[in-house]
Amino acid sequence: MLYRDEYEEFKKELEADINKPYKMASRELAKEYYKELVKEYPKATIHFYDLMQFICVTDAARVEAYKMLEVIQLKYINELQEIARAKKSIEEVTEQLQN
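If you read the sequence shown in this note's numbering, its first letter stands for residue 537, the second for the next number, and so on.
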């Protein structure tokens, strides 16, 4: 259920920095706000990642959201590499101890 006062507050915050993606934790609320927002901003888009939703009204906001996701992706790639190194270390030690 969309509460007009809350939606207007959201829109005010979004418009204060319209060239940045607006991040929301609530997927359902983001969907409701997006449905209303797209009436006024037909090029608005919504993007879902994990527990975060990005609402973008401008191309600049979409570029910013993309960059944010790239940073997250690089972090995960680095973490996966660290995990692989740790697993290899365990495998090597286990093999040495068995010989």
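Ideal placement from N, C-alpha and C gives every residue a C-beta, glycine not left out.
To the nearest whole angstrom, what separates the beta carbons of E576 and L538, a pair I think is in contact under 8 Å? The Cβ separation is near 14 Å, so there is no contact.
Do I554 and A597 have their C-beta atoms within less than 8 Å of each other? Taking 8 Å as the cut-off, the beta carbon of I554 is found closer than this to the beta carbon of A597.
Assuming M588 contacts A552 (C-beta within less than 8 Å), just tell me the rounded distance between them. Incorrect: roughly 19 Å between the Cβ atoms, too far for contact.
As a quick exercise: from D586, Y585, K547, K556, pick the residue whose alpha carbon is nearest that of E568. K547
Mind pulling the beta strand (DSSP E) runs of 3 or more residues that sit fully within the region 563-605? 581-585, 588-592
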